[in-house]
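Numbering (my numbering), first residue to last: 144 to 315. Beta carbons are placed, not taken as given, at the ideal position from N, Cα and C, and that holds for glycine. None of these values were measured; they are calculated from a predicted model. Data first, discussion second: the structure below is written as structure tokens.
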Amino acid sequence: MLGSSSPELFLVENITQVSKGIESANSQHAGIDSAKQGSIRKLLELQGSNDCMNRLPFEMFENLPAGNYQERLQKLLVNRLKEKIVSDEINVSMSVYDKHFSQSEIDGLVSFYSAPLGTKALSVRDQVLVETRSRLAKFASQWSQEALNEVLNENPDLRKAIEADPGRDTKR
Numbered sequence: 144m145l146g147s148s149s150p151e152l153f154l155v156e157n158i159t160q161v162s163k164g165i166e167s168a169n170s171q172h173a174g175i176d177s178a179k180q181g182s183i184r185k186l187l188e189l190q191g192s193n194d195c196m197n198r199l200p201f202e203m204f205e206n207l208p209a210g211n212y213q214e215r216l217q218k219l220l221v222n223r224l225k226e227k228i229v230s231d232e233i234n235v236s237m238s239v240y241d242k243h244f245s246q247s248e249i250d251g252l253v254s255f256y257s258a259p260l261g262t263k264a265l266s267v268r269d270q271v272l273v274e275t276r277s278r279l280a281k282f283a284s285q286w287s288q289e290a291l292n293e294v295l296n297e298n299p300d301l302r303k304a305i306e307a308d309p310g311r312d313t314k315r
């Protein structure tokens with residue numbers, strides 16, 4: 144039996160859920176008509192899903208057990224995963240898009256992403272998401288405190304219960 148620090152067990156633990164999802168998607172993929180498959184493939188191409196390997200969380204490999212083999216093992220694993228994931232990502236995406244979009248909706252998305260505005264939307268998508276999340280994170284603490292104060296002001300019995308709690312954190 145493999146020890147918990149073995150690379151093999153590490154990979155099994157971290158990839159099992161992905162494999163289950165791929166198996167499910169592959170079995171569902173067979174029922175999609177060829178025209179819709181072609182449209183979905185075009186949409187995925189426009190969205191840059193062929194670059195999926197650049198977005199994978201390869202930091203998971205940083206947790207491999209330390210040793211002088213780690214860098215070589217990491218490169219070999221990344222290459223092997225690329226081989227396996229590229230086609231499986233298409234299968235998974237195919238079944239998800241088939242589930243949520245009709246043929247005409249997918250064709251509309253293809254038209255949109257083929258147009259200049261769609262191309263721009265894709266080119267700044269990740270930047271917009273990162274910037275939005277970053278800005279919202281700055282407000283989260285403020286919003287939490289404001290909401291707590293409002294709730295406690297509207298419910299004085301809760302404020303008294305909190306103040307009377309001997310186990311509460313008094314550093315707030």
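Check residue i in the structure and name its three-state DSSP category.
i: Arg365; result: Nothing can be reported for residue 365, as the shown portion of the chain is limited to 144 through 315.
i: Thr159; result: Because Thr159 carries a pLDDT of 49, less than 50, the predicted location of this residue cannot be relied on, and no value is offered for it.
i: Ile175; result: coil
i: Ser230; result: helix
i: Arg311; result: coil
i: Phe255; result: helix
i: Ser284; result: helix
i: Gly191; result: coil
i: Ser236; result: helix
i: Gly210; result: coil
Take residue i and list the residues in its own chain whose beta-carbon comes closer than 7 Å to its own, dropping the five residues that flank it on each side.
i: Gly164; result: Bear in mind that a pLDDT of 49 at Gly164, under 50, signals an unreliable position, so the model cannot answer this.
Can you list, in chain order, the residues of its chain with a C-beta nearer than 6 Å to that of residue i? Leave out the 5 residues immediately preceding and following it.
i: Asp241; result: Ile175
i: Glu306; result: none
Taking the beta carbon of residue i as the centre, do at least 16 other beta carbons fall within 10 Å, making it buried, or is it exposed?
i: Glu232; result: buried
i: Leu252; result: buried
i: Glu166; result: With a pLDDT of only 49 at Glu166, under the threshold of 50, the placement of this residue in the model should not be trusted, and no figure is reported.
i: Leu260; result: exposed
i: Leu272; result: exposed
i: Ser182; result: buried
Check the C-beta distance from residue i over to residue j and give it rounded, since I have them as a contact under 8 Å.
i: Ile249; j: Lys179; result: 7 Å
Cutting at 8 Å between CB atoms, please list the residues of its own chain near residue i, excluding the five before and the five after it.
i: Val294; result: Leu301
i: Tyr256; result: Leu186, Leu189, Gln190, Thr262, Ala264 and Leu265
Original post:
Counting pairs of Cβ atoms below 8 Å between the stretch 281-298 and the stretch 208-219, do you hit three or more?
Top reply: The answer is no - the stretch 208-219 does not touch the stretch 281-298, with fewer than three Cβ pairs under 8 Å.
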